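Note sheet for the following structure.
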Amino acid sequence: MKTMLRPFIVRIIVVATISILLLTSATAQRKDSHQGLEMFINPETATSFSVLTANVGNLSLGCRKYLNNLCYKEVEQIIANNIQLLAPDIVALQEILAPWQCAAQKETNDKKVCFENQSVPQVRRLLGDAYTIVCDSRNQFECLGVRTASGSILGCESGLMCNFARTAPSYNACDQGFTASAVTVKLHDGILFDVVNVHLQSTSADCRSRTLRDLLDESIRSTIIEQDRVLILGDFNFDPWRDSDESVDVWQELFDQGWRDRSFRYHVVNNERNKPYFTSFFLLKWRTFDFVVSNFATGDLSVLGESPGSDRLDGGKGMDHRGVYGILAFEP
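Letter by letter, the sequence shown follows residues 1 to 332 of this note's numbering.
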């Protein structure tokens, strides 16, 4: 099993590809040691930023009492090391272990996260001190982070952690542990857009469909998206390329509709079969549940551990999903 990401090789490959595709004239190269990767910027046409989305939980029986959220210390440390090596500008995490979950359990296993005092929340340990973090207002299972060297989250003081992401409404018949939540991000380059962290219910196509309509059906006014430009990423718990159910149909309808007169596009890399790499592995059901779309950016992202030249975010064990990472370029 591979145990570490190859951050320098991955960065060089990704940056070189983006620069060839996006820059057709003289380019300006900026290297910011605080960001941990090289970013190519053409100031006349595009601003680049790096993105990571990862469902860090797993289906281990040992984590079941923590609702399958990230509950083992060793796995947490490996993921933290690798996130901080990649140093993405924008991070969306799902299935974070919330501090209140540890308070509700008396953990006796010293390999578990909740065996230790949780004075520092898990999401802060994963991202480190270089991020402003905002989690969903319902459970704090899903969190968004923006690197302070790259931008800010409106309403949350730089470098702090807040629990007031605009969170989609819940329904009595649906599992309250799943959410979709949004923040407004302002990059230091002046670019303003919403980021939506999605973790839709795995066991109900109807609940997924209702949340999607609340997010993106402009006829009923979105409850959480405020900006014209929007980046949507996370664990959708359906595969629009391989699945067929009500939620896929609703998603396709809303995807085709776009948002505020801007078309959506996927930021994915296809495999040799011309379909996106798998991101979720459960028994014989392998799917691309984790992906990224926007209505304002270009670029394709890698599935860590599946795309050629990349390694898993968890070092080879611990997560039942794969992280998705890479660089996007803003289009005016």
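By construction, the Cβ of each residue, glycine as well, lies at the ideal position given by its N, Cα and C atoms. Since the model is a prediction, treat every value here as computed from it, not as a measurement.
Counted as a single uninterrupted DSSP element, the beta strand (DSSP E) harbouring Ser152 occupies residues Gly151 to Ile153. For Leu328, the pairing in a beta bridge is given by DSSP as Phe49. If you draw a straight line from the Cα of Val183 to the Cα of Asn163, it comes to about 11 Å. As a beta-bridge residue in DSSP terms, Cys162 pairs with Val134.
Between the segment 235-244 and the segment 284-292, the count of Cβ pairs shorter than 8 Å is three or higher; the stretches touch.
Where Leu192 is concerned, the enclosing beta strand (DSSP E) starts and stops at Leu192 to His199.
Non-local C-beta neighbours of Asn68 in its own chain, meaning closer than 7 Å and more than five positions away in sequence, comprise Gly57, Asn58, Leu59 and Glu95, ordered along the chain.
Here Phe115 is not bridged, per DSSP, to any residue. In the DSSP assignment, Trp286 falls within the beta strand (DSSP E) that extends over Lys285 to Arg287. In the three-state reduction of the DSSP assignment, Arg262 falls in the strand class, which pools E and B. Contact between the segment 322-332 and the segment 291-310 is present: 3 or more CB-CB pairs across the two stretches fall below 8 Å. When the five nearest sequence neighbours on each side are left out, the beta carbons in the same chain lying within less than 7 Å of the beta carbon of Leu97 are those of Tyr66, Asn69, Leu70, Cys71, Val113 and Gln122, in order along the chain. According to the DSSP assignment, Ser280 belongs to the beta strand (DSSP E) that extends over Ser280 to Phe282. When rounded, the separation of the alpha-carbon atoms in Gly299 and Ala168 is 28 Å. Boundaries of the alpha helix (DSSP H) harbouring Cys102: Pro99 to Ala103, taken from the DSSP string. Within its own chain, the residues whose Cβ lies closer than 8 Å to the Cβ of Ser222, once the five positions on either side in sequence are excluded, are Asp214, Leu215 and Leu216, listed in chain order. The alpha-carbon of Pro88 is positioned some 21 Å away from that of Val120.
With contacts defined by Cβ atoms closer than 7 Å, Thr179 and Arg210 do not form a contacting pair. Bridge partners of Val269 according to DSSP: none are assigned. Residue range Lys73 to Leu86 is occupied by the alpha helix (DSSP H) that includes Val75, with no beta strand (DSSP E) assigned at that position. Judged by DSSP in its simplified three-state form, Ser302 adopts strand. Annotated as distal: Gln101 and Gly128, with beta-carbon spacing of 7 Å or more. Note: Phe291 is bridge-paired with Gly234 in the DSSP secondary-structure output.
If you draw a straight line from the Cα of Gly151 to the Cα of Glu226, it is about 18 Å long. If you check the CB distance, Val198 and Gly155 do not come in under 7 Å. Judged by DSSP in its simplified three-state form, Ser170 adopts coil rather than helix or strand. Counting of Cβ neighbours within 10 angstroms places Gln257 among the exposed residues, the total staying below 16. Excluding sequence positions up to five before and after Gly145, its CB lies within less than 6 Å of the CB of Val91, Leu127, Tyr131 and Ile133, all in the same chain and listed in chain order.
By the neighbour-count definition (other C-beta atoms within 10 Å, threshold 16), Thr279 is a buried residue.
Here Asp194 is not near Val250, since their CB atoms are 7 Å or more apart.
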